[in-house]
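**Student:**
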Amino acid sequence: MRHPAADPGRYTRAMPPFETLLAAGGAALAPMAGYTDAPFRRLARHYGAAWAVSEMVSARALALGDDTGLAISAPHPGERSVVLQLFAGDPAEAAAAARRLHAAFAPAAFDLNMGCPVRKVVQRGCGVELMRDPGRAAAIVAAIDAAVPVPVTVKTRLGLDRAAAREVVAAVVAAGAVAVAIHGRTAAQKYGGEADWDAIAEIAAAVDVPVIGSGDVADARDYQRARARGLGVMVARAALGRPWVFRELLGGGAPSPEEVVAVSWRHARDHVGWYGGERALPRLRVQLAAYAERLGLDRGPFVRVAALDHLADAWRAGIGIDPADPRVAALDPFRDTLPRCPAPRRRRQRQLAA
Ligand SMILES: Cc1cc2nc3c(=O)[nH]c(=O)nc-3n(C[C@H](O)[C@H](O)[C@H](O)COP(=O)(O)O)c2cc1C
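Adding 24 to a residue's 1-based position in the sequence shown gives its number in my numbering.
(1) Could you give the distance in angstroms between the alpha-carbon of residue 109 and the alpha-carbon of residue 228?
(2) Work out the CA separation of residue 163 and residue 375 for me, nearest whole Å.
(3) What span of residues does the beta strand (DSSP E) with residue 179 cover, start to end?
(4) How about residue 278 and residue 306: are their beta carbons less than 8 Å apart?
(5) Within the continuous beta strand (DSSP E) that includes residue 209, where are the two ends?
(6) Can you tell me the Cα-Cα spacing of residue 53 and residue 349, whole angstroms?
(7) Mind reading off the beta-carbon distance from residue 14 to residue 76? Whole number of angstroms is fine, and I expect it under 8 Å.
(8) In this structure, how does DSSP classify residue 139 when only helix, strand and coil are distinguished?
(9) Among 103, 221 and 161, which residue has its Cα nearest to the Cα of residue 192?
(10) Just to confirm, is the Cβ distance from residue 297 to residue 255 under 8 Å?
(11) Could you check whether residue 174 and residue 133 sit closer than 8 Å to each other, using their CB atoms as the reference points?
(12) Can we say the segment 63-83 touches the segment 284-294, given the rule of at least three CB pairs closer than 8 Å?
(13) In terms of residues, what are the limits of the alpha helix (DSSP H) holding residue 394?
(14) Going along the chain, which residues of its own chain have a beta-carbon closer than 6 Å to the beta-carbon of residue 125, five neighbours each way excluded?
(15) What are the boundary residues of the alpha helix (DSSP H) that includes residue 312?
(16) If we ignore side chains and look at the alpha-carbon of each, how far apart do residue 97 and residue 265 end up?
(17) Quick one: measure Cβ to Cβ for residue 197 and residue 231, integer angstroms, because I've assumed they're closer than 8 Å.
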């Protein structure tokens, strides 16, 4: 399917090299299944995310003509520096999927998921399973690289059950990956324990492409520590219900309660616009509750939001701020609401975390 709005002027095919982006400063929005869609990426980029990665899309499904992945990764008109992530186990499928996505959306780059430990993904030989087979991982990177005229990156973990990513990282870099993101945990750890930034830095020292670390970055101190090691930074969970985190990492101030309300209101309206109606709002509840928690409010009314009016009521009742108040509206980061997503999103993708 072609993106109805995909005229060459509306999307940037190129983004600055990762070296340039990293030198300019700022963290990237890490891919998160179920979250890093166009409405959220727009907010993250507005607040200073250096680039943003879509949630992972199944290369096999796309190669077989299933369009669900198109909706998951669709950029909004005008979106720049968007990286689309694929999970793939087979080079030919990865190449076919990348070609389809490139024809539809002309993203700035493709990222190969090599970190997802979820059984459904691993069973298909994808995600972190690729770490077992550097040859296949490299073949997939090379196949995407040959299929599309944009750079390829890889996002991986430290290893399966111990830090052992050096060989596979070297293989994907030799195959053409221009940057590598590393979540500082093993697959066995999933999200347990602390991310090991020493181990990330050791892998980074062995390759000559930019390495972007991921794991537990939540404030300017974490960010500075990572940067002092010469690493790039990706932020995932700390950005949920807090897209202004990218501003805070660069020394910017925390938002006022009015700004939090304005941003959540913008996010909800963009979500409704993008997914074509209020019935999509339940998918945003986790983030709406996260916005509320940032202000110390009870999640309850926010996880029950099924209409924009409910969200306005929840803010009014919880903190006495009305999203329609002109002083709040003046803090809306955008003037326009996103148009309808160009591809159907059939059902909520099960959240597959890497
Ligand atoms: C809900 C959720 C979904 C995720 N989905 C993806 C994904 O689709 N692809 C991927 O490479 N990583 C995914 N991740 C991993 C994150 O990108 C990141 O590496 C990890 O959460 C550690 O960073 P953090 O401490 O900043 O959250 C996901 C994480 C979470 C919490």
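Glycine included, every Cβ here is placed at the ideal spot set by N, Cα and C.
**Tutor:** Looking at the atomic coordinates:
(1) Walking along the sequence shown from the start, residue 109 turns up at place 85. Walking along the sequence shown from the start, residue 228 turns up at place 204. Distance between the alpha carbons of residue 109 and residue 228 is about 21 Å.
(2) Numbered from its first residue, the sequence shown carries residue 375 at position 351. Numbered from its first residue, the sequence shown carries residue 163 at position 139. With a pLDDT of 40 at residue 375, under the threshold of 50, the modelled position of that residue is not reliable, and the figure given next carries that caveat. Approximately 27 Å between the Cα atoms of the pair.
(3) As a working mapping, residue 179 is identified with position 155 in the sequence shown. Counting along the chain, the beta strand (DSSP E) containing residue 179 begins and ends at 176-183.
(4) Here residue 278 is taken as the residue at index 254 of the sequence shown, counted from 1. Here residue 306 is taken as the residue at index 282 of the sequence shown, counted from 1. The answer is no: Cβ separation not under 8 Å.
(5) Locating residue 209 in the sequence shown gives position 185, where the first residue counts as 1. Residues 203-210.
(6) Reading the sequence shown from its first residue, position 29 is the one you call residue 53. Reading the sequence shown from its first residue, position 325 is the one you call residue 349. Cα-Cα distance, rounded: 30 Å.
(7) With the chain covering 25 to 378 only, the question about residue 14 has no answer from this structure.
(8) The residue given as residue 139 occupies position 115 in the sequence shown. Note: residue 139 maps to coil in three-state DSSP.
(9) Along the sequence shown, one-based indexing puts residue 192 at 168. Of the candidates 103, 221 and 161, the one whose C-alpha sits nearest the C-alpha of residue 192 is 161.
(10) Sequence index remark: in the sequence shown, residue 297 carries index 273 (1-based). Sequence index remark: in the sequence shown, residue 255 carries index 231 (1-based). Taking 8 Å as the Cβ cut-off, residue 297 and residue 255 do not qualify as a contacting pair.
(11) One-based indexing of the sequence shown puts residue 133 at position 109. One-based indexing of the sequence shown puts residue 174 at position 150. Their beta carbons are under 8 Å apart, which means residue 133 touches residue 174 by this criterion.
(12) yes
(13) Any property of residue 394 remains undetermined from this structure, which presents the chain solely from 25 to 378.
(14) Taking the sequence shown and counting its residues from 1, the one referred to as residue 125 is at position 101. So the list reads 108, once near-sequence residues are dropped.
(15) Mapped onto the sequence shown, residue 312 falls at position 288. 309-318 is the span of the alpha helix (DSSP H), which, as asked, contains residue 312.
(16) Position 73 of the sequence shown, counting from 1, holds the residue named residue 97. Position 241 of the sequence shown, counting from 1, holds the residue named residue 265. Going from the Cα of residue 97 to the Cα of residue 265 covers about 20 Å.
(17) Position 173 of the sequence shown, counting from 1, holds the residue named residue 197. Position 207 of the sequence shown, counting from 1, holds the residue named residue 231. So it is a contact: roughly 5 Å between Cβ atoms.
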